[in-house]
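Novice: Protein chains in written order, with this note's numbering: chain A, 7 to 176; chain B, 541 to 1109. First the structure, which I've put down as C-alpha cells, then a few questions once you've had a look.
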C-alpha cells in the first residue's frame, strides 16, 4: 500500500485529484498479479484521469516496482494512450482507406481550420480535441467522423460547422 | 443452470424456447446492430418498433431482435422480417409504424422500403434474390444477421457448441488435427499458414502449459470483418477457441482485441459470461475432464501488434515490438510457453468444419485455398459492405456483381487488396480467381481481406503515399530499415506529389523500396513498400506526370530505362 504521503509526494504541484490516485491504487491492488498487467493498468488510469501525464506514469511505475522509463516506453508506443489532456468532446476523423478515398483528408483539413487546432490538440476553451484515427470500421458510411461515441457518416465539408455547433450550444 | 453433458446440450437445442426462434407463427423483425447501421439510428428504430408493438398489443405475434451485421452496410439500417424472408433497406425510425401496421398486421409488403436494383430499378423482396447476396457463401458469417449475438440459446439452437461437445466427448486430439489439416483451412489473417499444421506443431511441444490466442487486432485500415464476426457471432469464436485449446492441450485462451472496438468487447464479455454460466467454459466442460477459460486483453492501438510475436509482447504488457523468428510462438510464445495464435475468421470456420467434415470444406474453393474468404468491400463502389465468397471467385464478380459496380458511373481504375501490405490490381487481372497464391501472382496479396476499389478520380501516387504514411507512423521503430527507410520513402513521395522530384528521386525511391522489403525484421516492414512498387509497376505514367526533370523532361534517359525494368512485387 502506498501511503497518502507518498501519493502527494509523487503528484507534486499538479492539480490531479487525489481521489483519482486512490481509485487507481485500489484497482492495482485488486488485480491478482501485476505481471504483464501494465497495459491493463494504463487503460484504467486513462479512464480515470482522462490522460496519462508524467505523474500518473510515475505513480504506476512505483506501484509496480518498475522503472518509469518502462512505463513511458509503453505509453508512448501505443496510439490509444495520450499524455495530453483531452477536450470535453473528442472529435475523431477516420483516416482509414475507405474514408481516405472518399475525401477524409479534406474533412480533417476543414475540421482543423474550423477549430483552429491541429491533430492531437485541444481548443483554447477546452471544449474540443481533435484526433485522426485509424479505421472505425464503418466503411459503408465513409467518410466518417466520431464526436465522442456518436458516429456521423457520409460527412461533407459543409456539414462540419453544424456538427461542431451542436456541441457548442450544450 | 449448467449444461453438464452432451445429451443435455442436445436436449436444450431441441426444447429450449428462445425468442420463439423456430416458431413459424411468430414473426421476427431482425434489425441490424452492426456499427454502420447503429450509426444510422438502428437503435432508435428498435425502440420505436417495440413501442408500436406495445401500442398495438401484438407482442405475442412479433418479436424484435437486434442481430449482428448483415454485411450490406451501404443500404443500412437493414431490417429483415422472418419467416417471410422480406428484406428492407434504409429503414428509418419513423418507418416502424408502417412496418408493424402494414407488414406484420396486414401482411402487405412495404414496397418503398424494398431494395431497388440500381440498373433496372427492379424491386427485390428477398435477400437470396439480391445480387449482393446471390454469389456469396456465408460460412464464417453464417450467424451474422441471423441470431441475436447477446443470446447464447439462439447460438445453441443454431448448432452452437455441438462441435465442441463432439470433439471433447468423442475425438482424440490427433483426429481433430487430421480433420482440420485435411480440410485445407489456412490462416485468414493474411499469411495463409495451414491451421491444422499450426495446431499440430503447438500440440507436439513438450510441457503442460500452453495457450491459444485469438488475434482480434484488426489494424488494417479499411478492414472490418473480424469486428463484424465478433459483434455478430461471438460464440462461434469462443467455441472454436475451446476446440483449439482442447486440441493443442491448452487450458487458457486469450482474445487480444483492439480497445477501439467497444461494442465487440462488450458483446464478447456478454458471451463469455453466458458461456461460463452454462458451464461451456470453465471446469469440467460438458462433464468431461477438460477445463478451459478465456480472458480478454485489450490492445492500445498499434498496427504492428497484428504480427504474432508483437501481439504476444503486447499481451505481456510490453511494447508491441516483434521478435526474431524462430523460435515461433508455437514453440515459445506467451511467457515463453507454446502458444497458438489464430485469427478471428480462421476460428469462426472451425466449428463448421468439425460438424460438416473436412471433405465438405475442402470441396469449396480452389486447389490450394479451401473454403471462403470474407472481404470488406469499400471505396468507390455501389454496394459497400461485408461479403463472403468461395475462394476462386473472380475479382470482377466481386466488384461488378456483388459490389454493383463503380459509384456515380465512373470508371474502374484499380482495386487495392491486402491493405498497406498488399498492392493494386488493375483491370487486366480482374478475372483472376481469388486465392492466396493467385493474388501474390498478380503482385498483391490476400492480407486480412480489405478491398478498396479506386476509380478514375483517384491518383495512384497519392494512394501509395497514403499507405506509406500509415506504415511509417505504425513502424514500431525496432529495426532501422523499417524505421528510417519508410520515413525516407515517404519524404520522397511527398516530394513527388509536390512536383519537385526528379528521375533520380524515382530511382532512389525504388532502391529504398527493395532495401526496406528485403532487410526489415517483420512483416510490417517487409511489405511496407508493396503499395509503392505495385503502383509504380501499373501506373508508372502517373508518377512520370509529377516528375520535373530538367535533363529528362519526358522521363527518358538512363533512369527511365533502369526503372522500367525489374519492377516486380
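Glycine residues also receive a C-beta, built at the ideal position from the N, C-alpha and C atoms.
By Cβ distance, which residues of its chain are closer than 6 Å to residue 610 of chain B, with the 5 residues on each side in sequence left out?
Specialist: Locating residue 610 of chain B in the second chain gives position 70, counting from the first residue. These residues qualify, in order along the chain: 572, 618, 685.
Novice: Is the beta carbon of residue 819 of chain B sitting closer than 9 Å to the one on residue 542 of chain B?
Specialist: Taking the second chain and counting its residues from 1, the one referred to as residue 819 of chain B is at position 279. Taking the second chain and counting its residues from 1, the one referred to as residue 542 of chain B is at position 2. Cβ distance < 9 Å, so residue 819 of chain B and residue 542 of chain B count as in contact.
Novice: Run through chain A and tell me which residues come within less than 8 Å of residue 992 of chain B, C-beta to C-beta.
Specialist: Translated into the one-based positions of the second chain, residue 992 of chain B becomes position 452. Per Cβ cutoff of 8 Å: 103, 104, 107.
Novice: Give, in chain order, every unbroken run of the alpha helix (DSSP H) that is at least 4 residues long and sits entirely within the stretch 617-671 of chain B.
Specialist: DSSP runs (the alpha helix (DSSP H)) wholly in the stretch 617-671 of chain B: none.
Novice: Considering Cα atoms alone, identify which of B:1074, B:585, B:898 is closest to residue 966 of chain B.
Specialist: Taking the second chain and counting its residues from 1, the one referred to as residue 966 of chain B is at position 426. The option with the nearest alpha carbon to residue 966 of chain B is B:1074.
Novice: Show which residues of chain B have a CB atom less than 7 Å away from the CB atom of residue 85 of chain A.
Specialist: By 1-based counting over the first chain, the position of residue 85 of chain A is 79. The contacting residues are 841, 842.
Novice: Across the stretch 89-109 of chain A and the stretch 130-146 of chain A, are there enough close Cβ pairs to call them in contact, namely three or more that are closer than 8 Å?
Specialist: The stretch 89-109 of chain A is in contact with the stretch 130-146 of chain A.
Novice: Between residue 25 of chain A and chain B, is the shortest Cβ-Cβ distance under 9 Å, so that the two count as touching?
Specialist: Locating residue 25 of chain A in the first chain gives position 19, where the first residue counts as 1. With 9 Å as the cut-off, residue 25 of chain A does not count as an interface residue toward chain B.
Novice: Can you confirm whether residue 1016 of chain B, when its beta carbon is compared against all beta carbons of chain A, has any partner nearer than 9 Å?
Specialist: Translated into positions along the second chain, residue 1016 of chain B becomes position 476. Cβ-Cβ to chain A under 9 Å: yes for residue 1016 of chain B.
Novice: Thinking C-beta only, is residue 884 of chain B closer than 9 Å to residue 769 of chain B?
Specialist: Position 229 of the second chain, counted from the start, is the residue given in the question as residue 769 of chain B. Position 344 of the second chain, counted from the start, is the residue given in the question as residue 884 of chain B. Going by C-beta atoms, residue 769 of chain B is nearer than 9 Å to residue 884 of chain B.
Novice: Considering only the beta carbon of each residue, do residue 946 of chain B and residue 995 of chain B sit closer than 9 Å?
Specialist: For the purposes of this step, residue 946 of chain B is taken as residue 406 along the second chain, with counting starting at 1. For the purposes of this step, residue 995 of chain B is taken as residue 455 along the second chain, with counting starting at 1. A contact, by the Cβ cut-off of 9 Å.
Novice: For residue 1049 of chain B, tell me which candidate among B:834, B:1008, B:958 has the shortest Cα-Cα distance.
Specialist: Position 509 of the second chain, counted from the start, is the residue given in the question as residue 1049 of chain B. Among B:834, B:1008, B:958, the Cα nearest to that of residue 1049 of chain B belongs to B:1008.
Novice: Please classify residue 676 of chain B: does DSSP put it in a helix, a strand, or coil?
Specialist: Here residue 676 of chain B is taken as the residue at index 136 of the second chain, counted from 1. Residue 676 of chain B falls in the coil class under three-state DSSP.
Novice: Taking the C-alpha atoms as reference points, what is the distance between residue 174 of chain A and residue 133 of chain A?
Specialist: Walking along the first chain from the start, residue 174 of chain A turns up at place 168. Walking along the first chain from the start, residue 133 of chain A turns up at place 127. Each residue's Cα considered, the two are about 8 Å apart.
Novice: Give me the chain A residues within the contact set of residue 1066 of chain B, using Cβ-Cβ distance strictly less than 8 Å, ordered along the chain.
Specialist: Position 526 of the second chain, counted from the first residue, corresponds to residue 1066 of chain B. The contacting residues do not exist; residue 1066 of chain B stays about 20 Å from chain A at best.
Novice: Could you tell me the distance, in whole angstroms, from the CA atom of residue 538 of chain B to the CA atom of residue 779 of chain B?
Specialist: Because chain B is modelled from 541 through 1109, residue 538 of chain B falls outside the range shown and cannot be assessed.
Novice: Use the C-beta contact count for residue 739 of chain B: other C-beta atoms within 10 angstroms, 16 or more gives buried, fewer gives exposed.
Specialist: Position 199 of the second chain holds residue 739 of chain B. The residue in question, residue 739 of chain B, is buried, as its Cβ has 16 or more Cβ neighbours within 10 Å.
Novice: Helix, strand or coil: which one does DSSP assign to residue 964 of chain B?
Specialist: Mapped onto the second chain, residue 964 of chain B falls at position 424. Residue state, collapsed to three classes: strand.
Novice: Closest to residue 755 of chain B by C-alpha separation, out of B:986, B:1076, B:854, B:552, would be which residue?
Specialist: Here residue 755 of chain B is taken as the residue at index 215 of the second chain, counted from 1. Of B:986, B:1076, B:854, B:552, the residue nearest in Cα terms is B:854.
Novice: Using 10 angstroms around the beta-carbon of residue 625 of chain B, count the other beta-carbons present and answer buried if the total reaches 16, otherwise exposed.
Specialist: Stepping through the second chain from its first residue, residue 625 of chain B is reached at position 85. By the 10 Å Cβ count, residue 625 of chain B comes out exposed.
Novice: Residues of chain A with a CB under 8 Å from the CB of residue 998 of chain B: which are they?
Specialist: For the purposes of this step, residue 998 of chain B is identified with residue 458 of the second chain, where counting begins at 1. Within chain A, the residues near residue 998 of chain B are 107.
Novice: Can you check whether the C-beta of residue 153 of chain A is within less than 9 Å of a C-beta belonging to chain B?
Specialist: Locating residue 153 of chain A in the first chain gives position 147, counting from the first residue. Judged by the 9 Å Cβ criterion, residue 153 of chain A is not in contact with chain B.
Novice: Please list the segments of the beta strand (DSSP E) lying wholly inside the stretch 860-924 of chain B, counting only runs of 3 or more residues, in order along the chain.
Specialist: The stretch 860-924 of chain B contains these whole beta strand (DSSP E) runs: 879-883, 912-919.
Novice: Does the Cβ of residue 606 of chain B have 16 or more other Cβ atoms within 10 Å, making it buried, or fewer, making it exposed?
Specialist: Within the second chain, residue 606 of chain B is the residue found at index 66, counting from 1. The residue is buried, with at least 16 neighbouring Cβ atoms inside 10 Å.
Novice: For residue 93 of chain A, which residues in the same chain have their Cβ closer than 7 Å to its Cβ, ignoring the five residues on either side in sequence?
Specialist: On the first chain, position 87 is the one that residue 93 of chain A refers to. Around residue 93 of chain A: 128, 129, 132, 133, 134, 135.
Novice: Since residue 854 of chain B is in the alpha helix (DSSP H), which residue starts that stretch and which ends it?
Specialist: Working through the second chain from its first residue, we reach residue 854 of chain B at position 314. From DSSP, the alpha helix (DSSP H) with residue 854 of chain B extends over 848-855.
Novice: Classify residue 701 of chain B as helix, strand or coil using the three-state DSSP reduction.
Specialist: As a working mapping, residue 701 of chain B is identified with position 161 in the second chain. Three-state result, residue 701 of chain B: coil.
Novice: Determine the closest residue to residue 888 of chain B out of B:593, B:836, B:762, B:777, with distance taken between C-alpha atoms.
Specialist: Within the second chain, numbered from 1, the residue matching residue 888 of chain B stands at position 348. Per the Cα distances, B:777.
Novice: From the DSSP output, in three-state form, read off residue 740 of chain B for me.
Specialist: Taking the first residue of the second chain as 1, we reach residue 740 of chain B at position 200. Looking at residue 740 of chain B - three-state DSSP - the assignment turns out to be helix.
Novice: Tell me which residues share the same chain as residue 1011 of chain B and place their Cβ nearer than 6 Å to its Cβ, disregarding the 5 neighbours each side in the sequence.
Specialist: Against the second chain, residue 1011 of chain B aligns to sequence position 471. Around residue 1011 of chain B: 960, 1026, 1068.
Novice: Taking 9 Å as the CB-CB limit, is residue 760 of chain B close to chain A?
Specialist: If you number the second chain from 1, residue 760 of chain B lands on position 220. Yes, residue 760 of chain B lies at the interface with chain A (some Cβ there is under 9 Å from its Cβ).
Novice: Short of 6 Å in beta carbon distance, which residues of its chain neighbour residue 957 of chain B, apart from the five on each side in sequence? Order them along the chain.
Specialist: Taking the second chain and counting its residues from 1, the one referred to as residue 957 of chain B is at position 417. Once the five neighbours on either side are set aside, the close Cβ partners of residue 957 of chain B are 984, 991.
Novice: Write down the C-beta distance between residue 856 of chain B and residue 874 of chain B rounded to the nearest angstrom, noting that I regard them as a contact closer than 8 Å.
Specialist: Along the second chain, one-based indexing puts residue 856 of chain B at 316. Along the second chain, one-based indexing puts residue 874 of chain B at 334. Confirmed, about 7 Å.
Novice: In its own chain, which residues sit with a C-beta less than 6 Å from the C-beta of residue 682 of chain B, not counting the 5 before and 5 after it?
Specialist: To locate residue 682 of chain B, count along the second chain from 1; it is residue 142. If we look at residue 682 of chain B and ignore the five residues flanking it on each side, it has no Cβ neighbours.
Novice: Within this structure, are the beta carbons of residue 629 of chain B and residue 615 of chain B separated by less than 9 Å?
Specialist: Counting from 1 along the second chain, the entry for residue 629 of chain B is found at position 89. Counting from 1 along the second chain, the entry for residue 615 of chain B is found at position 75. Result yes, Cβ atoms of residue 629 of chain B and residue 615 of chain B sit closer than 9 Å.
Novice: Going by beta-carbon coordinates alone, are residue 1057 of chain B and residue 1066 of chain B separated by less than 9 Å?
Specialist: Start at 1 with the first residue of the second chain, and residue 1057 of chain B comes out as number 517. Start at 1 with the first residue of the second chain, and residue 1066 of chain B comes out as number 526. Result yes, Cβ atoms of residue 1057 of chain B and residue 1066 of chain B sit closer than 9 Å.
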